[in-house]
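>
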Amino acid sequence: MGTIRLHDTRSGELRELVAGADGHVGIYACGPTVYARIHVGNARPFVVYSLLKRFLEHEGHAVTLVINITDVNDKIYAAAAALQVPSADLAAEMAAHYKADTDALGLGRPDAEPLASETIEPIVALIADLIDRGHAYAVDGDVYFRVRSDACYGSLSRRAIDEMNQGEEPVPPSHADRKEDPLDFALWKAHKEGEDTVWFAPWGRGRPGWHIECSAMAEQLLGVGFEIHGGGNDLVFPHHENEAAQTRMARDAELAQIWMHNGMLQVAASGGKMGDDPDAKMGKSLGNVALLHEVVEEFGRNALIMLFAGAHYRQPMAFDDMRMMEALARVARVRDSARGLVAGESPPEMRPLRDAFFAALRDDFNTAAALGALFEWINERHKRRDEPVGRGDLVEMLSMLGLQNLAEHGSEAGAEEQELLEQREAARSARNYAEADRLRDELRAHGWEVRDGPDGPELVRIEQ
RNA sequence: GGCGCCGUGGCGGAGUGGCUACGCAGCGGCCUGCAAAGCCGUUUACUCCGGUUCGAGUCCGGACGGCGCCUCCA
């Protein structure tokens, strides 16, 4: 084990991860708002934090990963109204899709996936505390956070307070004067015409604002002052700034120690289908989305994880079909290499490359550099092709990426394919190469590639 | 306009004050009926201009270019 450092947005530098009691590490990552099916961009944080959990556990920590589901939100009301369905039904449907789509990534589930709609009591209690402490105020059923009462406001996103505005939804003229200060943001929104879900609070009927939902859900499951808060870097301001401010003012403590932010997926306006140069963040509002389940169905989860792991999590990442094809080739390289490894430990001389892999992960979870070490290990393994090489190191490394399946024995070809292979061998023996090649093409159409080796032909499953 | 990030070889993408990242693709060779896989060899780098330094893609300043946030967004 060694020191693990992670980039902290607040300080702008790498900070050592300091675990809590008994080596416990709590991670809270902002999950999706469920008003439509998620796109591959939404999957990046899911993958990054799921893999981070694996790595931290490997390093001896007990990890609790929480990824929330925002199921009460303006966007959900709007989408449900457009579809003429109850907003709660739409949210439930899309939450189910979200779980199925991320299940297909094969990385397991987070330890907790709280719903905003099931956290209303803690949310109301948190708002009440803020009002009691003078950091929030109720006006005509709305409740607003008094931004200027927090001297540290802006410290996460490092913005000067006078250069900010909360924007929020278009404010009707009748509401324009509700806020004491334009900077103040809503903790509770009074029920409005057309909204079909409502909860009761001391200051009136309504529903929570987005930011307070996360503060409450995180505290419920991880307490205050947990180790890592994550999310996309588009959430730094205002979402995470507001989350941090709410908890700071209500609890006199910081919500999280390290604020991690992953970079955006960049994609062309076509959604990455046409090979155009990526030129903008993938986003539902831009219409340039590639849906997660479509990408997984087309290229497989191995390739998508390989793509994500191929770049540092903080960097923006280009996404398109060409890059998925390249990721698929990397997957094939690993699987081809793993074939032929024997059970057991790897040669000690190859240990430094395994160690380099983990050292890279300890240095701000640099999966790209780690993958470089993994491929160097593979190259070294091939140079030793005349001696048995244990798969131990490779399985250990691949497990960090959720790709250990690449080192496992693939399924055997079916009887039909075996029959075709035997027919091809017969044709080869008869030097009827035209027929042999035809049978090889036929096997390829079945998804199996023929590789003739010293010990006879072998059938190898073609990646995706 | 403000804040932040980035600019590496055909493409993707790490890293580092002096030593081949890595992957994909290309080229030559070995192997092979031909392929595939693999091996050997090999081509192509650090946006530009100043500065610091014995030495800078690597640090500092500037220019140009790109991206994110500043309104919902992973």
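Numbers 476 to 939, taken from the numbering used here, label the letters of the first sequence in order. From the three backbone atoms N, C-alpha and C, an ideal C-beta is built for every residue, glycine too.
Identify which residue in ARG726, TYR628, PHE675 and LYS664 has its Cα closest to the Cα of LEU658.
Of ARG726, TYR628, PHE675 and LYS664, the residue nearest in Cα terms is TYR628.
> Could you check where the beta strand (DSSP E) with ALA613 kicks off and where it finishes?
Residues 611 to 614.
> Whose C-beta lies closer than 8 Å to the C-beta of PRO507 among residues of the same chain, with five residues either side of it excluded?
Closer than 8 Å at Cβ, skipping near neighbours: ILE513, ASN517, ILE544, THR545 and TYR573.
> Between the Cα of ILE597 and those of GLY698, VAL614 and ILE551, spot the shortest distance and give me the residue it belongs to.
Per the sequence shown, residue 597 should be read as Pro rather than Ile. PRO597 has its Cα closest to that of GLY698, out of GLY698, VAL614 and ILE551.
> Provide the residue(s) that pair with TRP663 in DSSP beta bridges, ordered along the chain.
For TRP663, which the question treats as bridged, DSSP gives the partners VAL618 and PRO683.
> At the level of alpha carbons, what is the spacing between ALA818 and VAL864?
Each residue's Cα considered, the two are about 8 Å apart.
> When the Cα atoms are used, what is the spatial distance from ASP617 to ARG623?
Rounded to the nearest angstrom, the two C-alpha atoms are 18 Å apart.
> Quick one: residues in its chain with C-beta nearer than 8 Å to the C-beta of GLN497, no 5 flanking neighbours on either side, listed in chain order?
First, the residue type needs correcting, since residue 497 is Asp and not Gln in the sequence shown. Cβ within range, chain order: ALA537.
> For VAL771, which of helix, strand or coil comes out of DSSP?
Looking at VAL771 - three-state DSSP - the assignment turns out to be helix.
> According to DSSP, simplified to helix, strand and coil, what is ILE544?
Here ILE544 sits in strand by DSSP.
> Is ASP709 helix, strand or coil when you go by DSSP?
ASP709 falls in the helix class under three-state DSSP.
> Check the C-beta distance from SER821 over to GLY867 and give it rounded, since I have them as a contact under 8 Å.
Their Cβ separation, rounded to whole angstroms, is 5 Å, which keeps SER821 and GLY867 in contact under 8 Å.
> Would you be able to state if there are at least three C-beta pairs under 8 Å between the region 843 to 857 and the region 781 to 792?
Yes, the region 781 to 792 touches the region 843 to 857.
> Is the region 673 to 688 in contact with the region 713 to 728, if contact means three or more CB pairs nearer than 8 Å?
Taking 8 Å as the limit for Cβ pairs, the verdict is that the region 713 to 728 does touch the region 673 to 688.
> With a CB to CB cut of under 7 Å and the five nearest residues on each side skipped, what residues in its chain are close to ALA691?
Within the same chain, ALA691 has close Cβ partners THR594, PRO597, ILE598 and LEU601.
> Tell me the DSSP secondary structure of TRP678 in three-state form.
In the structure shown, TRP678 sits in coil (DSSP, three-state: anything other than H, G, I, E or B).
> Taking DSSP as the reference, what is the three-state secondary structure of LEU914?
Three-state DSSP puts LEU914 in a helix.
> Measuring only the C-alpha atoms, how far is LEU896 from ALA566?
Answer to the nearest angstrom: the Cα atoms are 51 Å apart.
> Taking Cβ positions, are ILE636 and VAL500 nearer each other than 8 Å?
No. Outside cutoff.
> Please work out which residues of its chain come closer than 8 Å, Cβ to Cβ, to ARG621, disregarding the five sequence neighbours upstream and downstream, and give them in chain order.
Cβ within range, chain order: GLY609, HIS610, ALA611, TYR612, GLU655, ASP656 and ASP659.
> Secondary structure at ILE853, three-state DSSP: helix, strand or coil?
In the structure shown, ILE853 sits in a helix (DSSP, three-state: H, G or I).
> Ignore the nearest five residues each way along the sequence and tell me which others in GLY922's own chain have a CB closer than 8 Å to its CB.
For GLY922, where only same-chain residues beyond five positions count, the Cβ hits under 8 Å are ARG936 and ILE937.
> Can we count GLU773 as close to the ligand COA, meaning its CB is less than 7 Å from some heavy atom?
Among the components of this structure there are no ligands whatsoever, and the ligand COA is therefore not found.
> Could you pull the start and end residues of the alpha helix (DSSP H) that ASN517 belongs to?
From DSSP, the alpha helix (DSSP H) with ASN517 extends over 515 to 533.
> Measure the C-alpha to C-alpha separation of TRP852 and VAL806 and round it to an integer number of angstroms.
When rounded, the distance between both Cα atoms is 15 Å.
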